[in-house]
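Numbering (our numbering), first residue to last: 13 to 246.
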């Protein structure tokens, strides 16, 4: 069953207006027809089973039939600070992090990051929305504007703090994750972190961990460590 994010209040036995980009996506892209069913959702209301009752030239109307029961929500929170890699790799990283249940995602500009001049946050928000529709989540992953590496530590960060570093002697260990509900993970760019960045993170309570003997690409490293923690907490 196809799911679509709806920005607005959803109530049973009401008719909601489908318009603009959502109307185009449902009717012209996915090609849902009159009297066919689909699911709408958002983080405030949850998941609702609907039927498309009417299609006009520029909008449609859907009847909200019932609310779909939800599984018990997890209490853990994963926050990712990802140094921006080259090309469009960050787009796929964002998509995978939505699927893996990350709550908050912050792009980072480190010493070895190839700086971008174009702000891509609107594009990232669209990726978050469409990935959420696909994977079954109701809450949208929060995505922040890019910040400098040292700005990570401006806030009082609590919980388990990890920075992935290929030269660390500490292999990531599941036993060290027990007893924590909040996780904060810093992941580097293609060139890795400088020693001064590792030292700065260590001063702020971040434990440097290795992901194994091989040097991993940014996407691989991200999926590995985030997936590891996500599976552990589930």
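Idealized CB from N, CA, C, for every residue including glycine.
Based on the DSSP secondary-structure assignment, which residues constitute the bridge partners of residue i?
i           : result
residue 175 : 198, 220
residue 67  : 72
residue 54  : 58
residue 91  : 116, 196
residue 155 : 117
residue 183 : 222
residue 22  : Looking at the DSSP assignment, residue 22 forms no beta bridge with any residue, so it has no partner.
residue 80  : 59
residue 49  : 63
Give the straight-line distance between the Cα atoms of residue i and residue j, rounded to the nearest whole angstrom.
i           : j           : result
residue 27  : residue 58  : 16 Å
residue 163 : residue 217 : 15 Å
residue 45  : residue 38  : 9 Å
residue 238 : residue 112 : 7 Å
residue 150 : residue 185 : 30 Å
residue 119 : residue 95  : 6 Å
residue 14  : residue 241 : 28 Å
residue 23  : residue 92  : 34 Å
residue 181 : residue 215 : 17 Å
residue 70  : residue 159 : 39 Å
residue 153 : residue 146 : 13 Å
residue 68  : residue 34  : 14 Å
residue 98  : residue 63  : 43 Å
residue 73  : residue 179 : 57 Å
residue 30  : residue 224 : 49 Å
residue 167 : residue 208 : 20 Å
residue 203 : residue 53  : 40 Å
residue 36  : residue 17  : 13 Å
residue 138 : residue 148 : 16 Å
residue 206 : residue 122 : 9 Å
residue 220 : residue 41  : 45 Å
residue 231 : residue 105 : 6 Å
Hey, could you find the ends of the beta strand (DSSP E) residue i is sitting in?
i           : result
residue 31  : 27 to 31
residue 108 : From DSSP, residue 108 is part of no beta strand (DSSP E) but of the alpha helix (DSSP H) over 101 to 111.
residue 15  : 15 to 17
Restricting to Cα atoms, I'd like to know which of the options is closest to residue i.
i           : options            : result
residue 77  : 156, 29, 49, 40    : 49
residue 226 : 210, 142, 176, 189 : 176
residue 155 : 185, 124, 114      : 114
residue 126 : 221, 16, 42, 101   : 101
residue 268 : 67, 140, 56        : Outside the displayed span of the chain (13 to 246) sits residue 268, for which this structure offers no information.
residue 116 : 134, 140, 82       : 140
residue 157 : 167, 74, 136, 147  : 136
residue 222 : 233, 165, 212      : 233
residue 21  : 228, 230, 132, 60  : 60
residue 169 : 133, 213, 229, 106 : 213
residue 191 : 197, 198, 171      : 171
Taking its Cβ as the centre, do 16 or more other Cβ atoms sit within 10 Å of residue i, making it buried, or is it exposed?
i           : result
residue 173 : buried
residue 109 : buried
residue 193 : exposed
residue 144 : buried
residue 88  : buried
residue 200 : buried
residue 244 : exposed
residue 211 : exposed
residue 32  : exposed
residue 188 : exposed
Note the first and the last residue of the continuous alpha helix (DSSP H) segment covering residue i.
i           : result
residue 244 : 230 to 245
residue 134 : 133 to 147
residue 211 : 207 to 215
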